[in-house]
Amino acid sequence: MRIFKKVTALLVTSALAMSFVACGSSDSDVSGFITGSGSSALLPLAKEAAVAFKEKYPDVSVTLNGGGSGTGLKQVSDGSVDIGNSDVPAEEKLSPERAKELVAHKVCVAIITPVVNKELAKQVPNLTKQQLIDIFTGTIKNWSEVGGPDEEILLITRPQTSGTKAVFQKYALDGNEELVGGSLETDDSGTLLQTVADNKGAIGYVSLSYLVHNQKVSTLKIDGVEPSLENTYNGSYPVWGYEYMYTKGEPTGVIKTYLEYIMSDEYSTQLESQGYGTTSKMTVER
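In mature numbering (1 follows the signal peptide of the UniProt record, and there is no 0), the protein residues as written are -24 to -1, 1 to 262.
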């Protein structure tokens, strides 16, 4: 009888220990590989979220690349990446058939702002929307035409695959096409910012998120309105777009856990500190 009681006690103790280990190791159960590409505007958030996610789930590997929204959407459609990051709805970059296969996950709002050299901004802190259109379409070629110095304008534009370009063209340029030729083109926001910083006459545009840790350039007001989270939330600043993470079909496993983490209340407090807007605070919709 004593032996039976001892064996029973050992079995109960072992079962409790196993139960404790199982309950205490839920985070370690999340493992696997995640790949993503696309929007340069969303890339800083995706990278920051990946670092935080890996701290929470050490057995997960996340590989992210830019390339523009069109590239991200094409690659997730082809199955070469798990997540395609985009500044625009998939229907704007893919055929209806391919777009229907993708599932959109709306994660935040990106504010797109024109940027110029700091010295130039002292003389030209603001442009009207029409002046902005005339500059990017090549009608205005010198800063003296908008109250600035006698300095030739150096345009820095983005390729057709860029979702940032699509948002800027639609809401800052009222759909007008940017000047082709006679300008620099890049979808690398770091390169764009450095070029603007190094050239007094340069002008380009980036997501506000790239300026959180970069003070080498200055933003421009549009029609007197500062590009800021507050002005975007209240609808007075017009150049913004939703940021999407697309999957081919409904996500499962580690991909689902990653997306749920980015859109969770736990992570939402990080969005604004990185220069992104939270969708719940928007007083206007698109």
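Ideal Cβ placement from N, Cα and C applies to all residues, glycine included. Since the structure is predicted, the reported quantities are computational estimates derived from the model, not experimental observations.
Residues that DSSP places opposite residue i in a beta bridge
| i | result |
| --- | --- |
| L169 | Partner(s): none; L169 has no beta bridge. |
| I132 | L160 |
| K197 | N102 |
| I179 | V92 and L131 |
| I116 | Answer is none; I116 lacks a bridge partner. |
| G251 | Bridge partners of G251: none, in fact. |
| I59 | G12 |
Own chain, CB closer than 6 Å to residue i, minus 5 neighbours either side, in chain order
| i | result |
| --- | --- |
| G177 | E127, E128, I129 and L130 |
| L247 | C84 and T254 |
| S37 | F9 |
| Y181 | I88, P90 and F144 |
| T57 | Contrary to the premise, residue 57 reads as Val rather than Thr in this sequence. So the qualifying residues of the chain are T11, G12, S13 and Q51. |
| N152 | I109 and T113 |
| A75 | A66 and E67 |
| A97 | S194 |
| Q136 | none |
| E242 | none |
Where the alpha helix (DSSP H) through residue i begins and ends
| i | result |
| --- | --- |
| I87 | No alpha helix (DSSP H) holds I87; the beta strand (DSSP E) holding it covers L78 to N93. |
| A148 | Unbroken run through A148: none, as it is neither H nor E. |
Reference residue i; option with closest CA among the options
| i | options | result |
| --- | --- | --- |
| K192 | G211, T171 and Y209 | T171 |
| Y252 | S240, D110 and W216 | W216 |
| Y222 | N152, V182, D35 and A22 | A22 |
| V143 | T195, T89 and S7 | T89 |
| L205 | K257, V182 and L168 | K257 |
| L18 | H81, E77 and T259 | H81 |
| G43 | Y147, D164, T11 and Q107 | D164 |
| Q107 | W119, L96, K98 and E236 | W119 |
| L155 | I132, A173 and L168 | I132 |
| A26 | Y234, D241, I179 and E95 | Y234 |
| G123 | G139, E261 and P101 | P101 |
| E219 | E31, V64, K30 and G55 | V64 |
| I231 | L160, V79, T47 and K197 | V79 |
| V6 | E31, S15 and S244 | E31 |
| E73 | V92, A86 and S53 | S53 |
| G55 | I238, Y237, P227 and M239 | P227 |
| G157 | S16, D150 and R134 | R134 |
| K94 | L196, S62, R262 and M239 | L196 |
| K117 | T39, T245 and S159 | S159 |
Range covered by the beta strand (DSSP E) that runs through residue i
| i | result |
| --- | --- |
| A66 | Here A66 belongs to no beta strand (DSSP E), and DSSP marks it neither H nor E. |
| G14 | G8 to G14 |
Same chain only: Cβ atoms within 8 Å of residue i, ignoring 5 sequence neighbours per side
| i | result |
| --- | --- |
| K50 | G60, K69 and L70 |
| G166 | Y186 |
| G229 | G8 |
| Q99 | W119, G123, G124 and P125 |
Same chain, Cβ closer than 7 Å to residue i, five either side skipped, listed in chain order
| i | result |
| --- | --- |
| S1 | Since pLDDT at S1 reaches only 35, below the 50 mark, its modelled position is unreliable, and no value is offered. |
| T259 | Y209, N210 and G211 |
| D199 | T104 and K105 |
| P20 | S185, Y186 and Q250 |
| L168 | I132, T162, G180 and V182 |
| T47 | S13, G14 and T137 |
| V188 | Q250 and G251 |
| A(-3) | At A(-3) the pLDDT is 33, less than 50, meaning the model places this residue with poor confidence; the figure from the coordinates comes in the next sentence. So no residue of the chain qualifies. |
| E261 | none |
Residue-chain proximity (residue i, chain D), Cβ-Cβ < 8 Å
| i | result |
| --- | --- |
| D164 | Note that chain D does not occur in the displayed structure, where there is just one protein chain. |
Complete runs of the alpha helix (DSSP H) confined to the stretch 200 to 249 [at least 4 residues]: 205 to 209, 229 to 238 and 241 to 249
Any chance you could list the alpha helix (DSSP H) runs of at least 4 consecutive residues sitting entirely within the stretch 26 to 55, in chain order? 45 to 54
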